[in-house]
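Below is one structure, written out as structure tokens; comments come after it.
In our numbering, the protein residues as written are 29 to 125.
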């Protein structure tokens, strides 16, 4: 990931709030770690994994789940069906080169 995981910061923030952390403190923790990552201190996932504030609310597995790109692609099949119709996958797959 060229961004060092920064693209996942919103998901991390929302999960912290969902788990009971105050929004202001959650924002500050995510922002602090995102800025450190931006400055080259490491990837965001690695940094928040060592952050005591984040550790109070999230397990290692929950942190890891925030950085899974599959979350953002979960509706991809539905979008393709809407845009190209239900047989689009078969038409593309059977196409001759």
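Heads up, the beta-carbon is just placed ideally off N, CA and C, and yes, glycines get one too.
Keep in mind the model is a prediction, meaning the values are calculated, not measured.
Status (buried if at least 16 other CB within 10 Å, exposed otherwise) for residue i
i: residue 111; result: exposed
i: residue 32; result: buried
i: residue 107; result: exposed
Beta-carbon gap between residue i and residue j smaller than 8 Å
i: residue 81; j: residue 46; result: no
i: residue 86; j: residue 44; result: yes
i: residue 62; j: residue 34; result: yes
Alpha-carbon to alpha-carbon, residue j and residue i
i: residue 38; j: residue 89; result: 17 Å
i: residue 21; j: residue 113; result: As displayed, the chain neither begins before 29 nor continues past 125, which places residue 21 out of reach and without an answer.
i: residue 42; j: residue 66; result: 20 Å
i: residue 59; j: residue 99; result: 21 Å
i: residue 109; j: residue 40; result: 30 Å
i: residue 55; j: residue 104; result: 29 Å
Q.
Check whether the region 90-100 and the region 64-78 touch, using three or more Cβ-Cβ pairs below 8 Å as the test.
A. Inter-segment contact for the region 90-100 and the region 64-78 is present: three or more beta-carbon pairs are separated by less than 8 Å.
Ranges of the beta strand (DSSP E) found wholly within the region 89-113, counting only runs of at least 3: none
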